[in-house]
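Only one structure is covered here, and it is reproduced in the block below.
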Amino acid sequence: MDTYYDLFKEIGVRYRDFVAFSTKICGVLGINPNEINNILEALKQKPRIPVLWFHGLECTCCSESLMRSSSPVFSDIVSLIALEYDDLISASCGENLLNYKKKIIEQYKGNYILAIEGSITEFENGACCMVGGKPFNEELLEAAEGAKAIIAWGSCASFGCVQAAYPNPTKSSSVDTIIKNKPIVKVPGCPPIPEIMAGVIVYMLLKDELPPLDSKLRPKMFYGMTIHDTCYRKSFYNANKFAERFDDEGAKAGYCLYKLGCKGPSTYNACSSVGWYNGLSFPIRSGHGCIGCSQEGFWDKTMYKEEAPITPQNFDIFSF
Ligand code: SF4
Ligand code: SF4
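Oh and the sequence shown: position 108 is 107 in numbering that gives the first Met the number 0, straight run, nothing missing.
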């Protein structure tokens with residue numbers, strides 16, 4: 000496999016642009032710029048790591064988040080990784096694609112990263128999510144066997160997310176419910192912030208190890224603080240100034256949204272520091288409280304001020 004630098008040379012990138020790219024990576028990862036020489040050496044010498052990207056029970060919002068990022072991060076990342084298989088964006092399909100996947104798994108056994116978007120489902124032995132005539136769970140376990148590490152993208156792969164909401168008719172849950180013997184990093188959020196996704200991939204490519212994780216397997220560098228910790232409305236919270244309604248004078252003055260159900264104080268994510276749309280905004284800046292989309296179980300908790308009653312129902316998924 001080529002090194003990253005080989006790839007850059009091949010596509011005509013000049014050395015000074017290569018250095019600029021490496022500097023940008025330092026910024027995304029919060030790495031000390033003095034370490035730029037180590038990054039350059041790693042990019043020159045390390046072979047590119049193949050990545051297989053699988054999709055379970057999900058809405059593809061994690062891929063959308065990365066692909067539609069307004070920053071050039073996605074194109075940089077896609078050229079940086081060797082994305083060998085992704086059934087969502089592949090031009091091929093059917094038998095050809097399935098055979099190619101088999102070949103890639105064999106060829107890079109023990110060396111590839113398996114990135115997973117979407118939850119697993121155990122209802123009717125996985126009948127809610129089939130890939131090539133097989134339950135997704137089976138496909139996942141086969142591919143995980145030869146993976147050196149697993150990335151669980153988004154709240155679906157990390158914790159189950161909305162499809163696991165009570166009473167969980169599809170018996171959905173996180174990927175580590177069935178993958179037990181591999182190093183896993185979880186990147187929750189619905190969807191996760193593209194710069195964070197990029198940062199996690201690049202860290203693993205450069206260091207050849209998982210970033211430091213917390214007890215929920217999230218990278219500490221991005222999930223170490225709550226939304227509240229770095230929220231620009233925190234001074235209003237401290238001064239006891241709260242909006243009571245979305246259209247009252249407090250809301251117009253930009254007061255804290257805690258009394259309108261903001262979950263920022265208990266949500267670990269980087270929205271209030273990294274932001275969305277290239278740092279342009281995030282939900283609280285747009286006037287709505289955080290709903291805690293990166294927290295485990297947020298889908299069954301009260302996301303808004305009024306508590307929505309949950310009525311047990313006799314679900315039969317095939318009669319929807
Ligand atoms: S709006 Fe939410 S995150 Fe921001 S200060 Fe208020 S409670 Fe904290
Ligand atoms: S502000 Fe809260 S709900 Fe919104 S994206 Fe960030 S973590 Fe999710």
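The C-beta atom is built at its ideal place from N, Cα and C for all residues, glycine as well.
For residue i and residue j, what's the separation of their Cα atoms in angstroms?
i           : j           : result
residue 131 : residue 204 : 30 Å
residue 61  : residue 153 : 6 Å
residue 238 : residue 117 : 41 Å
residue 151 : residue 188 : 11 Å
residue 15  : residue 284 : 37 Å
residue 4   : residue 242 : 52 Å
residue 298 : residue 13  : 48 Å
residue 45  : residue 260 : 47 Å
residue 79  : residue 47  : 7 Å
residue 240 : residue 264 : 16 Å
residue 39  : residue 23  : 12 Å
residue 92  : residue 17  : 34 Å
residue 101 : residue 43  : 30 Å
residue 8   : residue 201 : 19 Å
In the structure shown, what three-state DSSP assignment does residue i receive?
i           : result
residue 53  : strand
residue 200 : helix
residue 224 : coil
residue 292 : coil
residue 133 : strand
residue 9   : helix
residue 297 : helix
residue 85  : strand
residue 18  : helix
residue 156 : helix
residue 147 : strand
residue 308 : Any reading at residue 308 must be qualified, since the residue scores a pLDDT of 40, below 50, and its modelled position is unreliable; the value itself is stated next. It is coil, neither helix nor strand.
residue 99  : helix
residue 255 : strand
residue 111 : strand
residue 178 : coil
Could you say which of the options lies nearest to residue i if we only look at CA atoms?
i           : options            : result
residue 196 : 221, 176, 216, 174 : 221
residue 19  : 159, 51, 36        : 36
residue 169 : 7, 123, 54         : 123
residue 235 : 76, 171, 44, 250   : 250
residue 247 : 1, 286, 28         : 286
residue 136 : 56, 102, 183, 198  : 56
residue 173 : 214, 129, 148, 121 : 121
residue 326 : 217, 181, 180      : What the structure shows of the chain is the stretch from 0 to 319, and residue 326 is not part of that stretch, so it cannot be assessed.
residue 65  : 30, 194, 119, 158  : 194
residue 294 : 262, 288, 281, 127 : 262
residue 184 : 229, 114, 176, 119 : 114
With residue i and residue j assumed to form a contact (beta carbons below 8 Å), what rounded beta-carbon distance in angstroms separates them?
i           : j           : result
residue 111 : residue 146 : 6 Å
residue 267 : residue 225 : 6 Å
residue 209 : residue 182 : 5 Å
residue 83  : residue 50  : 7 Å
In or out: residue i buried (at least 16 other Cβ within 10 Å) or exposed?
i           : result
residue 142 : buried
residue 21  : buried
residue 88  : exposed
residue 10  : exposed
residue 26  : exposed
residue 315 : Residue placement at residue 315 cannot be trusted, given a pLDDT of 45 that sits under 50; what the coordinates show is reported in the next sentence. Result: exposed.
residue 157 : buried
residue 126 : exposed
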